[in-house]
Every structure is written in structure tokens, then in C-alpha cells.
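Following: one structure in C-alpha cells, then a few remarks.
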Amino acid sequence: MQSEFINSARLLLPLAITLAAPFAIWLARRSPNRREAVSVVAGVLTFLAVLWLAPEVLAGKIW
Numbered sequence: 063m064q065s066e067f068i069n070s071a072r073l074l075l076p077l078a079i080t081l082a083a084p085f086a087i088w089l090a091r092r093s094p095n096r097r098e099a100v101s102v103v104a105g106v107l108t109f110l111a112v113l114w115l116a117p118e119v120l121a122g123k124i125w
């Protein structure tokens, strides 16, 4: 099986979401419901960003 290397900024998307989430939570510090919503949205977006990478990883491509 031949592996293929991929250079793409898509790999940075889950990291960027994870790094931006605490700042967004800090901005919503006065509203507990808004903080919780930001946490859930950041988690879902991170999951979807990783899921977006999965087909190519399963095909044997290396990021």
C-alpha cells in the first residue's frame, strides 16, 4: 500500500477551533447559558472538522 502525503491547512481547522473556544467562552462570561452554548458548538465543530479529515485518512493518505 502506497501512502500519499498531503499538505493542507485543513489539518489546522480543529486546532484553531479548539484554541478559539476559550476566548469565546471568556467573552460570554456573564451568561452561563451562552457559555454552555459556545462550549457545545465548539465541540461539535471540532468533531465535524476531524470527521471531515477521516475519509482521506482511512484511504491511507498521510497529513
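Add 62 to a position in the sequence shown, counting from 1, and you land on the number used in the numbering used here.
Even for Gly, the Cβ is constructed at its ideal location relative to N, Cα and C.
Could you check what DSSP says for Ile79 in three-state terms: helix, strand or coil? helix
If you run the structure through DSSP and keep just helix, strand and coil, what is Ile124? strand
Spell out a yes or no on whether the stretch 98-108 and the stretch 71-81 are touching, meaning 3 or more CB-CB pairs, one atom from each, closer than 8 angstroms. yes
In angstroms, rounded to a whole number, what distance separates the CA positions of Ala71 and Leu120? 19 angstroms
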